[in-house]
Every structure is written in structure tokens, then in C-alpha cells.
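There are 2 protein chains.
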Amino acid sequence: MTNINLALIALSDPTRRQIFERLAAGPSPVGVLADGLPVSRPAVSQHLKVLKEAGLVSDESQGTRRIYRIDPAGLGAIRQWLDRFWEVALTAFQAEVARDNERRKDQG
Amino acid sequence: MTNINLALIALSDPTRRQIFERLAAGPSPVGVLADGLPVSRPAVSQHLKVLKEAGLVSDESQGTRRIYRIDPAGLGAIRQWLDRFWEVALTAFQAEVARDNERRKDQG
DNA sequence: GATTTATGTTAGTCATGACTTACGGTAATT
DNA sequence: AATTACCGTAAGTCATGACTAACATAAATC
Numbered sequence: 001m002t003n004i005n006l007a008l009i010a011l012s013d014p015t016r017r018q019i020f021e022r023l024a025a026g027p028s029p030v031g032v033l034a035d036g037l038p039v040s041r042p043a044v045s046q047h048l049k050v051l052k053e054a055g056l057v058s059d060e061s062q063g064t065r066r067i068y069r070i071d072p073a074g075l076g077a078i079r080q081w082l083d084r085f086w087e088v089a090l091t092a093f094q095a096e097v098a099r100d101n102e103r104r105k106d107q108g
Numbered sequence: 109m110t111n112i113n114l115a116l117i118a119l120s121d122p123t124r125r126q127i128f129e130r131l132a133a134g135p136s137p138v139g140v141l142a143d144g145l146p147v148s149r150p151a152v153s154q155h156l157k158v159l160k161e162a163g164l165v166s167d168e169s170q171g172t173r174r175i176y177r178i179d180p181a182g183l184g185a186i187r188q189w190l191d192r193f194w195e196v197a198l199t200a201f202q203a204e205v206a207r208d209n210e211r212r213k214d215q216g
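Chains D and E, in that order, give the protein sequences. Take the first sequence: its position 75, counted from the start at 1, is 75 in our numbering, and no numbers get skipped. One gets our numbering by counting positions in the second sequence from 1 and adding 108 to each.
Right, here's the structure in full:
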């Protein structure tokens with residue numbers, strides 16, 4: 001299940017977002033991700049766990065290494081949530097403008 | 109300045125997201141928002157401050173009351189960031205597939 | 001002008017989470 | 001089979017933040 005709550009929490013951390021952006025450029029094992037990041041390898045592992053539980057990444061065992069890659073489904077879920085939100089906010093804004101015009105018309 | 113970092117942090121909190129969704133339905137003063145939420149009014153004020161600094165809402169004084177509404181600019185910034193991200197991840201995925209095909213062709 | 005209404009701010013508490021070190025487990029290598 | 005490479009987990013520390021209660025401020029009302 002792709003939870004919007006978990007996804008937003010996952011992306012709110014800068015380090016985790018950095019990992020996610022790295023994976024956007026292509027799949028990678030944990031150690032490679034840890035090099036080039038200012039945190040330890042276990043920290044990266046913990047971040048990847050959060051990203052995985054949020055449905056944003058998937059993993060695959062490959063010998064001793066574990067390859068992580070972006071899960072498009074999770075990213076798509078956030079986009080969908082955001083789009084629906086955008087639509088609601090826009091229609092509410094338009095309704096508000098219409099109400100405002102009506103009020104001014106009544107007052108002359 | 110609409111900072112993606114601040115925006116994502118702002119939306120990662122469930123209570124704050126609830127406030128934001130309420131405002132998506134239309135502008136509202138602080139007290140009205142606080143009723144119908146399980147937290148105190150000062151808590152709502154603090155959340156609104158975070159949302160405002162993230163560029164997600166704007167406020168307007170109206171007598172003793174302060175009306176908050178959604179700032180479309182902030183929401184649009186997140187959408188833009190997400191779309192660009194989506195594009196990068198997709199092209200990287202396609203490139204990976206192409207590399208994989210090439211590898212299989214070489215091996216016969 | 002005193003009171004009421006509506007809100008922002010401050011101080012303090014408590015829970016959460018990001019991090020490191022140490023350890024355990026599994027697969028490849030020699 | 002011993003060693004090495006790679007990774008996840010556990011425990012513990014420390015900073016951050018969400019929350020409440022108390023106080024301060026500004027506008028409307030009486």
C-alpha cells in the first residue's frame with residue numbers, strides 16, 4: 001500500500017531526499033550510495049528502509065549486494081494526490097471569486 | 109522564496125496537512141480551523157506559521173480576525189519539482205532498459 | 001475606557017527520529 | 001573452511017519539533 005503520509009514523511013528529510021535523487025539517476029547498491037553522502041552506511045540503510053516502506057523504492061538481492069531503485073508507483077501516487085489537491089484548491093478559489101462578485105453586485 | 113525543503117517538511121505533518129486541506133476548501137480564520145481539530149488554537153497558529161514560511165499559505169488581517177488561504181504559488185512549486193523529478197526517473201529507467209537489452213544482445 | 005474577541009508568542013514538557021558504534025548474518029573468494 | 005565483502009539490526013545519544021498553558025497585543029463593542 002502506498003501511503004501518502006509515509007511518502008511525504010520520507011521525502012521531508014534532506015538526506016533521504018538526496019538518496020532518492022541519487023536513485024533517480026539509476027539503481028545503486030547501498031555502499032555506493034553511502035560513499036558521496038556525509039552519513040554512515042547504516043544510516044543509509046535505515047533511510048532506505050523508510051523509503052521502501054513508503055513505497056518509493058524497491059530492492060533486489062544480487063549476490064552480497066542489494067540493489068535499490070526507484071518505484072515509479074510511489075512517485076505516481078504523490079503526483080496523483082497533489083493533482084487532486086490542486087484541482088480542489090482551484091475550484092474553491094474560483095467559487096470564492098464568484099461569491100465576491102455576487103456580493104459586490106448586490107451592494108451596487 | 110518558495111523552498112521545496114520547507115514545503116515538504118510542512119506537508120509531512122498530518123495535523124498541518126489537515127489544516128492545509130481545510131484551507132483548500134476555502135479561506136478561514138484561525139479559530140474556525142481550531143474547532144474541528146484535536147489540537148489547541150495556539151498549536152494551529154504555530155502550524156500556520158510553518159505553512160506560511162513554506163510559501164503554502166498567505167494571510168490577511170480582517171479586524172481582530174486573521175484570514176488564511178492557500179497560496180497557489182507554493183503548491184505549484186511542489187508540482188513543478190515533482191514533475192521534473194518524474195521526468196528524470198523515467199528517462200533513467202528507459203536508459204537502464206536499453207543498457208540491459210544491449211547486454212543481452214552481446215551475450216547472444 | 002473597560003471588556004470582550006481573536007490571535008500571536010513564550011516557556012517548558014515530552015515524544016520522535018536521525019545518527020553512530022557495535023554486532024550478526026549471508027554470499028563470494030581463496 | 002577461513003576470510004573478505006556487503007548489508008541489516010540493536011542500542012544508545014542527542015537534537016528537533018509538536019503540543020499545552022500562560023501571557024501579550026490589537027481591534028471591536030459596550
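In this text, a Cβ means the ideal position worked out from N, Cα and C, and glycines have one as well.
What does DSSP give as the partner residues of residue i in its beta bridges?
i, result
"residue 67 of chain D", "D/29 and D/60"
Please classify residue i as buried or exposed, where buried requires at least 16 neighbouring CB atoms within 10 angstroms.
i, result
"residue 179 of chain E", "buried"
"residue 10 of chain D", "buried"
"residue 16 of chain D", "buried"
"residue 77 of chain D", "buried"
"residue 152 of chain E", "buried"
"residue 132 of chain E", "buried"
"residue 7 of chain D", "buried"
"residue 216 of chain E", "Because the pLDDT at residue 216 of chain E is just 45, under 50, the model does not fix this residue reliably, and the point stays unresolved."
Give a yes or no on whether 7 Å exceeds the smallest Cβ distance from residue i to chain E.
i, result
"residue 56 of chain D", "no"
"residue 61 of chain D", "no"
"residue 33 of chain D", "no"
"residue 100 of chain D", "no"
"residue 36 of chain D", "no"
"residue 77 of chain D", "no"
"residue 74 of chain D", "no"
"residue 86 of chain D", "yes"
"residue 48 of chain D", "no"
"residue 111 of chain D", "Here chain D covers residues 1 to 108 and nothing more, so residue 111 of chain D does not appear."
"residue 92 of chain D", "yes"
"residue 43 of chain D", "no"
Flag residue i as yes if its beta-carbon sits less than 7 Å from any beta-carbon of chain D, otherwise no.
i, result
"residue 115 of chain E", "no"
"residue 174 of chain E", "no"
"residue 120 of chain E", "yes"
"residue 159 of chain E", "no"
"residue 197 of chain E", "yes"
Which first and last residues belong to the alpha helix (DSSP H) in which residue i is found?
i, result
"residue 115 of chain E", "112-120"
"residue 147 of chain E", "Taken as a continuous stretch (DSSP letters only), residue 147 of chain E belongs to no alpha helix (DSSP H), as it is neither H nor E."
Next item on the list: Would you check if the stretch 176-192 of chain E and the stretch 145-165 of chain E touch, i.e. whether three or more CB-CB distances between them fall below 8 Å?
Entry: Touching, per the Cβ criterion.
Notebook entry, point to check: Do three or more CB pairs link the stretch 29-46 of chain D to the stretch 82-96 of chain D at distances below 8 Å?
Noted result: no
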